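Asks: Before we start, here is the structure in question, set down as structure tokens.
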Amino acid sequence: MEKLELKHVINAICPWSGEPVRADSLMRYRGAVVGFCNPGCRDKFARASAAFDAALAALAENAG
7 MEKLELKHVI NAICPWSGEP VRADSLMRYR GAVVGFCNPG CRDKFARASA AFDAALAALA
67 ENAG
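Residue numbers for the sequence shown, in the numbering used here: 7 to 70.
Take a look at the structure:
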């Protein structure tokens, strides 16, 4: 598995808290490395984005 590094993040500020991102709080999302200020924010984003992606998939399935 590829090691995620700060030099690859697309953001300098955590999208949840507005605090600077940290090296221990990175994740890959839709091909990009996204940084967070702590693992809690990273995990909250992972849960929220998974729920959002699932909801969009369900809508698309019901529409077609």
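Every residue, glycine too, gets a C-beta built ideally from N, C-alpha and C.
Predicted, not measured: the structure shown is a model, and the values here were computed from it.
(1) Can you tell which of LEU10, LYS9, GLU8, VAL39 has the C-alpha that lies nearest to the C-alpha of ASN17?
(2) Excluding the 5 residues preceding and the 5 following TYR35 in the sequence, name in chain order all residues of the same chain whose CB lies nearer than 7 Å to its CB.
(3) Sort GLU11, GLY41, GLY37 by Cα distance to GLY24 and report the nearest one.
(4) In chain order, what residues of the same chain lie with their CB nearer than 8 Å to the CB of ALA60, ignoring the 5 residues before and after it?
Replies: Checking against the coordinates, here is how it stands:
(1) VAL39
(2) SER55
(3) GLY41
(4) none
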